[in-house]
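Just so you know, we're using my numbering here: the sequence shown kicks off at 347 and counts up by one. Beta carbons are placed, not taken as given, at the ideal position from N, Cα and C, and that holds for glycine. This one's a predicted model, so the numbers in the text were calculated from it and none came from an experiment. Presented below is the structure to which this report refers.
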Amino acid sequence: MMSKISTILIPFNFSNTSEKALEYAVEFVGKDPNLQIILAYVLDGNNSVKKEEVLKAVGDKYGASLKRPIEWVSTKGTLTESLLSITEKQHIDLIIMGTFGAFDDDDSKPTNTSKLVAEVNRPVLVVPYTTQEFKMKNIALVLGKEEIEDTKALDTLLRVARRFNAQVHVLTIQNKPGIYGYSEIDEKNENAIQYYLENFYADRMFIENPDVVEGILKYAVDKNIDAITILPRNHSKNSMPSKGLLTHELTLHSKVPVLAIN
């Protein structure tokens, strides 16, 4: 959980997906002098690109859109471990990472993105390569039947909503028989949502669908949602897929960015 957003890390390897993440981050930051973009390049031993040349090219391309120059860090090692180390050393508040997603519905291999989300203790905003433009007016917060483990995690969502004056639509997929919306836990969650999200809290929806991921993605399309927010550490097997599975499935198949708040 973060108490502010001031440093944004983007894993950058010159690929189309990392370029998409950078483009998205530039729109996210805008001319805010309090936000710093840091590109992280993990050396694999085979890439001979001179980072100074690339940094200058990137700076020239996006410099006019930002108040603060883009910074750059590089290291050697495995991707996830290297990014975790950089995140701690650079005091990163938010990671924005691009992804191609799944090429077909049967794709179930773990991705670098889902691995990072599972291990890092920072919010990660996953940007699909198919994202056409930056929008952050309607955000879906996905909750299960369990009580929100750390309500302060909602503070991160509030900061994003406040930044873009976005409306937050809270969604629960009813994938199993039972009573939804009337339990003591539901009431506690409702109170926490109202307290932390303030006037950015728009509505609460309960939708029946035996497939949680399908239900979330369909809702996102039907309601023109610009970003889906999940609380991975809050998932339980009783109401939603496990932490790793839901993160993996959404980052593979969502057509809109997914904000995972750890």
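- Its chain contains I351 as the residues whose beta carbon lies nearer than 6 Å to that of R505, once the 5 sequence neighbours on both sides are disregarded; these appear in chain order.
- In this structure, the straight-line span from the alpha carbon of E560 to that of V400 is close to 40 Å.
- In the structure shown, G561 adopts helical secondary structure according to DSSP, grouped into three states.
- Within the stretch 475-556, the alpha helix (DSSP H) runs of at least 4 residues that lie entirely inside it are, in chain order, 500-510 and 530-543.
- A Cβ-Cβ separation of about 15 Å leaves M443 out of contact with V419 under the 8 Å criterion.
- Taking each of Y547, T421, T426 and K402 in turn and checking the Cα distance to H515, the smallest one comes out for Y547.
- The stretch 524-539 makes no contact with the stretch 564-583: fewer than 3 CB pairs, one atom from each, lie closer than 8 Å.
- Taken through DSSP and simplified to helix, strand or coil, I416 comes out as coil.
- For R508, the number of other beta carbons within 10 angstroms of its own is below 16, and it is reported as exposed.
- Annotation: I539 to L500 spans about 7 Å, alpha carbon to alpha carbon.
- Boundaries of the alpha helix (DSSP H) harbouring T433: L425 to K435, taken from the DSSP string.
- With distances taken between CA atoms, E417 lies nearest to Q436 out of Q436, T445, H594 and E533.
- Short of 7 Å from the beta carbon of F446, and not among the five residues preceding or following it, lie these beta carbons of its own chain, in chain order: T363 and Y475.
- If you draw a straight line from the Cα of V558 to the Cα of E398, it is about 45 Å long.
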